[in-house]
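In order, the protein sequences belong to chains A and B. Reminder that position 296 of the first sequence reads as 297 in the working numbering, one-by-one numbering, no gaps. Reminder that position 220 of the second sequence reads as 221 in the working numbering, one-by-one numbering, no gaps. Just so it is clear, CB atoms sit at the ideal spot from N, CA and C, and this is done for glycine as well. The structure presented is a predicted model; accordingly, all values stated were derived computationally and were not measured. To start, the structure under review is shown below, and the notes come after it.
There are 2 protein chains.
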Amino acid sequence: MSGIDLAVTAVDGRARTGILATPRGDVRTPVFMPVGTAGTVKAMYPDQVHALGSDIILGNTYHLMLRPGAERVAALGGLHVFVNWPWPILTDSGGFQVMSLAALRKIDEDGVTFRSHLDGSVHRLTPERSLEIQALLDSDIHMQLDECVALPAERAEVERSMRLSLRWAERSKQAFAGTEGRALFGIVQGGDQHDLRVVSAGGLAAIGFDGYAIGGLAVGEPQEVMLAILDTTVPALPAARPRYLMGVGQPDDIVEAVRRGVDMFDCVLPTRAGRHGVAYTRFGRLNMKNARHADDPRPLDEAAGWPPARDYSRAYLHHLVKSGESLGGMLLSWNNLAYYQHLMAGLRAAISARQLDDFVARAKEGWAGGDLPEL
Amino acid sequence: MSGIDLAVTAVDGRARTGILATPRGDVRTPVFMPVGTAGTVKAMYPDQVHALGSDIILGNTYHLMLRPGAERVAALGGLHVFVNWPWPILTDSGGFQVMSLAALRKIDEDGVTFRSHLDGSVHRLTPERSLEIQALLDSDIHMQLDECVALPAERAEVERSMRLSLRWAERSKQAFAGTEGRALFGIVQGGDQHDLRVVSAGGLAAIGFDGYAIGGLAVGEPQEVMLAILDTTVPALPAARPRYLMGVGQPDDIVEAVRRGVDMFDCVLPTRAGRHGVAYTRFGRLNMKNARHADDPRPLDEAAGWPPARDYSRAYLHHLVKSGESLGGMLLSWNNLAYYQHLMAGLRAAISARQLDDFVARAKEGWAGGDLPEL
């Protein structure tokens, strides 16, 4: 029995909207999942994240296995209890952070050995251990361990890595067998090679997963490369199952991927950008460090429905960011997540109304139009 | 016309409770004023600070004059608008931070010249300029510029400084004359010299202020020295006017000062300690970095009425603090301010019920009893 079930309620072109039912609650798709890296969506209270319309968050297996440790989280009642988030959680496999953060990593057929970036201690992840950790964390959606190559890369290297990920997918399916009430997603690899992506998608579909992620994108390639890969990959995936584009992305990336049939997204951008003084608005990205905001009494966007965009002046946000005050990151992270979830709600409504093209055109017009005129 | 009016509603021994009416709202006394150093009570949303029962916050003239600048705040509508806090605000004179933070400070009869700790730029504060800045900020209660000597100090130095502060008090009163709807407080100095404190208090009372602060305490002296100075100083102040003990303090300091007739307090401790991993509870101060919390599923205090003490495990708080996650400082600052305001509400209710001694005895018993037994 799969732990999740996708009910598509409307389609518009290749885009679709629906409900992903999980034992811990329904997830409205297309969905943006805020990233709760080390057990916290940074600079946000959990109930605040939920109130913005976040039906599900992501937890990073790599961070949590190193600190506080998966066995400890399990003894404390699991990740939901630990982080005070009773709603659905997806955990990644840990593989991506091993590649990007850990020192002295060494991949072999069986798994990957690496040193913690925190204290240099040696750890090992295999497909089986990754799922064991995710079971200890008790997340609702588990991801298979995969290998992700940075682009550009040689075709032979991309193919080797994709085939390794496919063998790990098979082992993950076997290790997961018998798990009740939880879901397992396979991950399509194949870099920028269209035929390899189709091979990977077909291989995963043959194994059979509760959902399918598309990995190895948004790793430095131009947007048109990513979108072309989506054009090839999405149709090769089982239509009845959710499709998840990992680590994406900018609002424009999300909109274009939704158009191509993607259901799920995660990205650190809204919270990371918020901590670095960047605000996402319907006018595009605003750098609040910019001196032009220093004397501006206007809010970020008086038409927005969320307090950080409405109740604080740009001058104050500029002051907070320049002064390194934590409230700056708190307000901008809140604004950015609110903007992202507002965008997702708009996409869902537009698909339901079969007006996605109009919605996207208006959103892009707003981003391209630039900010309010200077005072 | 004074901008404020104190109505004492009950007394218990020398302690008193009442309402300090200001044009921007009533302040329940004894009151603890959270410190909004640079225009933000660190790691807290303003409406959250207010919801904890904070009727008034403090703003630091030194920080705000340097960044974003008093004239800029005035052009943006004043400090209340700038920081999104429509309720009362007290501003200090800037003098204390000049002494503790600025470089190359030089005091003369007329004022103090110093270099900004931010960029080395040269600034000057006089009694008149401090009040001009506070008028630009448009705070509700202004403080006179004073000089504060660190203890221990020679009597001659304490007396010289006290008499300078008294002359600055006279100039402050003249500069403030004609201001409508705002209040000006004088500041008693005199270090640990009881007779000098009485001279200072008498001198200020002769000038006539809307309220009287006791400065130059909690600067390193033992608690019994501070309390003895309060025993001498408070009776020398006009009973109809509020008494404010600046920069104090630990919960035990506040309780003892309330017993001696003090009405107002401010301190960075609850928020600063929160950012450094320390929780204030009815069991006393808990260092959440301590490894004994790492596996403890219990909340800080399940009997507390505020979410950070009730809805998150000690293990999670420990994890957040150890990981340097901003949510750790957010939750502990919130808890600590909630605890402080809960304590103040308890003190007010106890005075009203003429049961202050019982209340204080129970509070001290809690702090002395130590934490919950280890698991």
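For B/His143, which beta-bridge partners are listed by DSSP? Here residue 143 of chain B refers to the residue found at position 142 when the second sequence is read from its first residue. Beta-bridge pairing links B/His143 to B/Thr92, B/Leu185.
Exposure label - B/Pro89; buried when at least 16 CB within 10 Å: Taking the first residue of the second sequence as 1, we reach residue 89 of chain B at position 88. It is buried - the Cβ of B/Pro89 has at least 16 other Cβ atoms within 10 Å.
So A/Tyr340 contacts chain B; which residues on that side make the cut at Cβ distance below 8 Å? Your numbering for residue 340 of chain A matches position 339 in the first sequence. Per Cβ cutoff of 8 Å: no residues; A/Tyr340 is ~18 Å from chain B at best.
Within 8 Å, do at least three Cβ pairs link the stretch 301-312 of chain B to the stretch 331-339 of chain B? yes
Taking only runs of the beta strand (DSSP E) that begin and end inside the stretch 113-181 of chain B, which ones reach a length of at least 3 residues, in chain order? 113-116, 123-126, 142-144
Could you please tell me which residues of the stretch 40-73 of chain A, in chain order, have their CB closer than 9 Å to any CB of chain B? Gly40, Thr41, Val42, Lys43, Ala44, Met45, Tyr46, Pro47, Asp48, His64, Arg68, Pro69, Arg73
Counting only Cβ pairs nearer than 7 Å, list the residues of chain A close to B/Ala305. Here residue 305 of chain B is taken as the residue at index 304 of the second sequence, counted from 1. Correct list: empty, because the minimum Cβ distance to chain A is about 15 Å.
Look at the Cβ atom of A/Ala39, then the Cβ atom of B/Ser162, and state whether they are nearer than 9 Å. On the first sequence, residue 39 of chain A is found 38 positions in, with the first residue counted as 1. On the second sequence, residue 162 of chain B is found 161 positions in, with the first residue counted as 1. No, the pair does not count as a contact, with Cβ atoms beyond the cut-off.
Leaving out the 5 sequence neighbours to the left and right, which residues in its chain are closer than 7 Å to A/Val123 when beta-carbon positions are compared? Here residue 123 of chain A refers to the residue found at position 122 when the first sequence is read from its first residue. Excluding residues within five positions, the ones whose Cβ falls inside 7 Å are Thr114, Arg116.
Within 9 Å, strictly: CB atoms of B/Gly262 and B/Arg244: Residue 262 of chain B sits at position 261 when you count from the first residue of the second sequence. Residue 244 of chain B sits at position 243 when you count from the first residue of the second sequence. Taking 9 Å as the Cβ cut-off, B/Gly262 and B/Arg244 qualify as a contacting pair.
Closest residue to A/Asp418 among A/Leu126, A/Arg293, A/Pro31, A/Gln175 (Cα-Cα distance): Since the first residue of chain A shown is 2 and the last is 376, residue 418 of chain A is not available in this structure.
Would a C-beta distance cut-off of 9 Å place B/Leu328 and A/Ala44 closer than the cut-off? Looking up residue 328 of chain B in the second sequence gives position 327. Looking up residue 44 of chain A in the first sequence gives position 43. A contact, by the Cβ cut-off of 9 Å.
If the cut is a Cβ gap below 8 Å, which residues of chain A does B/Asn85 touch? The sequence position of residue 85 of chain B within the second sequence is 84, counting from 1. Per Cβ cutoff of 8 Å: Asp312, Tyr313, Tyr317.
Do the CB positions of A/Thr18 and A/Ile5 come within less than 9 Å of each other? The count along the first sequence starts at 1 and reaches residue 18 of chain A at position 17. The count along the first sequence starts at 1 and reaches residue 5 of chain A at position 4. Against a cut-off of 9 Å, the Cβ pair of A/Ile5 and A/Thr18 comes out as no contact.
Ranges of the alpha helix (DSSP H) found wholly within the stretch 270-306 of chain A, counting only runs of at least 4: 270-276
Beta-carbon neighbours of B/Ser122, restricted to chain A and to distances below 7 Å: Taking the second sequence and counting its residues from 1, the one referred to as residue 122 of chain B is at position 121. In chain order: nothing, as chain A lies at least about 15 Å away.
What are the residues that DSSP puts in a beta bridge with B/Gly60? The count along the second sequence starts at 1 and reaches residue 60 of chain B at position 59. Answer by DSSP bridge pairing, in chain order: B/Gly37, B/Thr92.
Along the stretch 255-281 of chain B, where does the CB come closer than 7 Å to a CB of chain A? Name the residues. none
Taking 9 Å as the cut-off, decide whether the C-beta atoms of B/Val50 and B/Val42 are in contact. On the second sequence, residue 50 of chain B is found 49 positions in, with the first residue counted as 1. On the second sequence, residue 42 of chain B is found 41 positions in, with the first residue counted as 1. Yes, they are a contact pair.
Below 8 Å on the Cβ atoms is my contact criterion, and I expect B/Gln145 with B/Gly187 to pass it. Report the Cβ-Cβ distance as a whole number of Å. Reading the second sequence from its first residue, position 144 is the one you call residue 145 of chain B. Reading the second sequence from its first residue, position 186 is the one you call residue 187 of chain B. Between B/Gly187 and B/Gln145 the Cβ distance is about 5 Å, and since that is below 8 Å, they are a contact.
Would you list, in sequence order, the uninterrupted alpha helix (DSSP H) runs of no fewer than 4 residues that lie entirely inside the stretch 200-254 of chain B? 224-234
Would you mind working out which of A/Arg183, A/Pro271, A/Val199 sits nearest A/Ser3, comparing C-alpha positions? Within the first sequence, the letter at position 2 stands for residue 3 of chain A. Here the closest residue by C-alpha is A/Arg183.
By the criterion of Cβ-Cβ separation under 8 Å, what are the contact partners of A/Asp296 in chain B? What you label residue 296 of chain A is simply residue 295 of the first sequence in a count that begins at 1. Going along chain B in sequence order, the residues near A/Asp296 (Cβ under 8 Å) are Arg73, Ala76, Leu77.
Cβ contact check for the stretch 166-185 of chain B and the stretch 197-212 of chain B: 3 or more pairs under 8 Å: yes
What is the rounded straight-line gap between the Cα of B/Leu357 and the Cα of B/Ile255? Here residue 357 of chain B is taken as the residue at index 356 of the second sequence, counted from 1. Here residue 255 of chain B is taken as the residue at index 254 of the second sequence, counted from 1. Taking the straight line from one Cα to the other gives about 13 Å.
Can you find a CB in chain A that lies within less than 9 Å of the CB of B/Met289? The count along the second sequence starts at 1 and reaches residue 289 of chain B at position 288. No, its Cβ sits nowhere closer than 9 Å to a Cβ of chain A.
Proximity to A/Leu321 [Cα-Cα], best of A/Ala295, A/Tyr340, A/Ala339: Position 320 of the first sequence holds residue 321 of chain A. Cα-wise, what sits closest to A/Leu321 is A/Ala295.
Residue range of the alpha helix (DSSP H) that includes B/Ala8: Position 7 of the second sequence, counted from the start, is the residue given in the question as residue 8 of chain B. No alpha helix (DSSP H) contains B/Ala8, which is instead part of the beta strand (DSSP E) from 6-13.
Nearest-angstrom Cα separation, counted from A/Arg68 out to A/Ser55: Counting from one through the first sequence, the residue named residue 55 of chain A turns up at place 54. Counting from one through the first sequence, the residue named residue 68 of chain A turns up at place 67. So the alpha carbons of these two residues sit roughly 25 Å apart.
Any chain A beta carbon closer than 9 Å to B/Gly330: Reading the second sequence from its first residue, position 329 is the one you call residue 330 of chain B. So, interface residue.
In this structure, does DSSP put A/Leu197 in helix, strand or coil? Walking along the first sequence from the start, residue 197 of chain A turns up at place 196. Correct three-state label for A/Leu197: helix.
Cutoff 8 Å; reference A/Arg293; Cβ partners in own chain excluding five residues on either side: Locating residue 293 of chain A in the first sequence gives position 292, counting from the first residue. The answer, listed in chain order, is Glu375.
Check whether B/Gln342 and B/Leu53 have beta carbons under 9 Å apart: Mapped onto the second sequence, residue 342 of chain B falls at position 341. Mapped onto the second sequence, residue 53 of chain B falls at position 52. Yes, these two residues count as a Cβ contact at 9 Å.
Partners in chain B for A/Leu321, counting only beta-carbon separations shorter than 9 Å: Position 320 of the first sequence holds residue 321 of chain A. Correct list: Ala39, Gly40, Thr41.
Within 9 Å (strictly less), CB to CB, does A/Ser327 reach chain B? Indexing the first sequence from 1 puts residue 327 of chain A at position 326. Yes, contact with chain B.
Please compile the residues from chain A whose C-beta is within a distance smaller than 7 Å of the C-beta of B/Ser324. Locating residue 324 of chain B in the second sequence gives position 323, counting from the first residue. Near B/Ser324 (Cβ distances below 7 Å), the residues of chain A are Ala39, Arg68.
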